[in-house]
Amino acid sequence: MGTEHDRERKGAVAVNGPPASTRGRTDRPGSTQVVPSIDIEEEETRYLAPIGPTEPSDGRTQSAEPHAPLPVTTEELQRQIRELEARLKGMLAGGPAPEAGSAAPGGPETERSPSEEGDPAASASEPPPSEPGAAQDVLSTDFYLRQWGRAGLRSRSEEVDEFGFDPKSEARYRPLFDFLYRHYFRIDLEGIEHIPGEGRCVVVSNHSGGPIPYDGLMLRAAVRREHPAQRELRWLADDFVYYLPFAGTLMNRLGAVRACQENAERLLAGERLIAVFPEGAKGSGKLYKDRYQLQRFGRGGFIRLCLRTRTPLIPCAIVGAEETNPLLYRVEHLTRALGIPYLPITPTFPALGPLGLVPAPTKWKIRLAEPVRFDAYGPEAADDEILVRRLAERVRATIQGLIDDTLATRKSVWFG
């Protein structure tokens, strides 16, 4: 005959000593305390959530018995790992992390609901690949530099020559140069018959004054337009141009070559027509009061070039270019740090900013003299300093005479 006391003893265990919850109370020593039994495995199953997908709850009260966790497949575990890796990469890259459920790069695509597949508005809201993925990309200067660089590369030809000449860029600027040649400067050319139809030749000219020398561009346009063979002239540009941002690259694309003996010899070895300005920066930096007075022709490098390569030389005089941007003063302090020989002060620059660099529409005249040949000298004559200086001075006197004669017959700076 079981009593109620016996039934309680079946579901309990007897322990000696006071339980943890009753420590500190004054019970009799050695008395027996009864506490409920605890199933450890049952408690872990109740409070620990299973890993992997579980059955959705239908809102009904579940039974007290715990459900066994569903088995996790290898594919599902790999998908979760890929999602975590994609989120981590997005956080490290600074971009938006992919949402849960999206396929990682290189992984299988997740199933899309029919509403997503058939909704055109959802696909239209996604930015195209060419647009930036985040607002922080648009706000950074690197984004615009990349776009500018891509636009510059798209505008270039697939092939350029060894000196950087780009026919596609030159053709794009050609209408502007033709307008300057024919309508703005209204250039008169004399002596074009002295330039040979083929073979190498060196044109030696005075350098126009002003912050932007247009003489090289206009001399190239004159030969291309007026010569029967439409020869391409390459002119040697001053070194300081290549220290200015983008200026050297632009000049190379339009036909300029950096001035040095090696580049000139390579051009002449290819039977090219080239133009040199021996005055250099001293010529383009002449003050208005010193206009059309030739400066010293350096050390006669162009004479050595002609002697070594046995190339004919054609003196050239350009009149009208030194009034396009009359130079009133040169600021030579702190210009070395900027990589330029001087800072020009003209009636309009820097008072009008970039607009002050627009040239005045003066009337130009270009005169070419008969070729000077050096057949009587051998290549070893290039090492004779006295001979080189004497020949350079002779060419300088010829060009100065052409300038003086042209100025004597000119009636107006604007109309010739």
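In our numbering, the protein residues as written are -5 to 410.
Using N, Cα and C, we set each Cβ at its ideal position, and we do this for glycine too.
Only a predicted model underlies this, so the values are computations on that prediction, with no experimental measurement involved.
Helix or strand or just coil, what does DSSP make of residue i?
| i | result |
| --- | --- |
| ARG225 | coil |
| VAL352 | coil |
| CYS195 | strand |
| LYS359 | strand |
| VAL407 | coil |
| LEU281 | coil |
| TYR323 | strand |
| ALA370 | coil |
| PRO344 | coil |
| VAL251 | strand |
| ILE189 | coil |
| VAL309 | Contrary to the premise, residue 309 reads as Pro rather than Val in this sequence. PRO309 falls in the strand class under three-state DSSP. |
| ILE268 | strand |
| PRO239 | coil |
| ASP414 | Residue 414 lies beyond the stretch modelled for the chain, which goes from -5 to 410, so this question has no answer here. |
| LEU230 | strand |
| LEU385 | helix |
| ILE297 | helix |
| GLY337 | Here the sequence assigns Leu to residue 337, which means Gly is not the residue at that position. Three-state result, LEU337: strand. |
| ASP160 | coil |
| ASP209 | helix |
| PHE291 | coil |
| GLU77 | helix |
| ASP399 | helix |
| ASN246 | helix |
| HIS177 | helix |
| ASP172 | helix |
| THR67 | coil |
| GLY274 | coil |
Here's a check: name, in chain order, each residue in its chain whose Cβ is nearer than 7 Å to the Cβ of residue i, leaving out the five neighbours to either side.
| i | result |
| --- | --- |
| TYR411 | Summary: the structure shown does not reach residue 411, with the chain confined to residues -5 through 410, and so no result is reported for it. |
| GLN394 | LEU288 |
With a threshold of 8 Å on Cβ separation, who are the neighbours of residue i within its own chain once the five nearest residues in sequence on each side are excluded?
| i | result |
| --- | --- |
| ARG302 | GLU259, PRO373 and ALA376 |
| ASN257 | PHE157, LEU230 and VAL251 |
| ALA223 | GLY191 and GLU192 |
| ALA216 | TYR175, ILE181, LEU183, ILE186 and ILE360 |
| ILE397 | ASN200, TYR286, LEU288, ALA311 and VAL313 |
| LEU349 | THR342 |
| ILE206 | ASN319, LEU351 and PRO353 |
| ARG172 | First, the amino acid is wrong: residue 172 is Asp here, not Arg. Only ALA215 and ARG219 meet the Cβ criterion. |
Buried or exposed: residue i, going by 16 or more other Cβ atoms within 10 Å of its Cβ?
| i | result |
| --- | --- |
| LYS359 | buried |
| MET85 | exposed |
| ARG390 | buried |
| PRO123 | Confidence is the limiting factor: at PRO123 the pLDDT is only 46, short of 50, which leaves the residue's position unreliable, though a coordinate-based value still follows. Classification for PRO123: exposed. |
| CYS310 | buried |
| GLU77 | buried |
| GLU317 | buried |
| LYS405 | exposed |
| ARG247 | buried |
| THR400 | buried |
| GLY264 | exposed |
| GLY347 | exposed |
| PRO239 | exposed |
| LYS280 | buried |
| LEU82 | exposed |
| PRO338 | buried |
| ARG388 | exposed |
| ARG218 | buried |
| LEU261 | buried |
Could you give the C-beta distance for residue i and residue j, rounded to a whole number, given that I count them as a contact under 8 Å?
| i | j | result |
| --- | --- | --- |
| ILE189 | ILE268 | ILE189 to ILE268, Cβ: 11 Å. No contact. |
| SER278 | HIS327 | Their Cβ separation, rounded to whole angstroms, is 19 Å, which puts SER278 and HIS327 out of contact at 8 Å. |
| VAL196 | VAL270 | 6 Å |
| TYR282 | PRO320 | 4 Å |
| PRO355 | PHE179 | 7 Å |
| VAL407 | LYS357 | 7 Å |
| ALA315 | TYR208 | 6 Å |
| ARG298 | VAL198 | Actually they are not in contact, since the Cβ atoms of ARG298 and VAL198 sit about 13 Å apart, beyond 8 Å. |
| ASP369 | ARG304 | 7 Å |
| GLY274 | ASP232 | 6 Å |
Quick one: residues in its chain with C-beta nearer than 6 Å to the C-beta of residue i, no 5 flanking neighbours on either side, listed in chain order?
| i | result |
| --- | --- |
| VAL366 | LEU307 |
| GLY249 | PHE159, ARG214 and ARG228 |
| TYR371 | LEU301 |
| PHE291 | PRO272, ALA386 and ARG390 |
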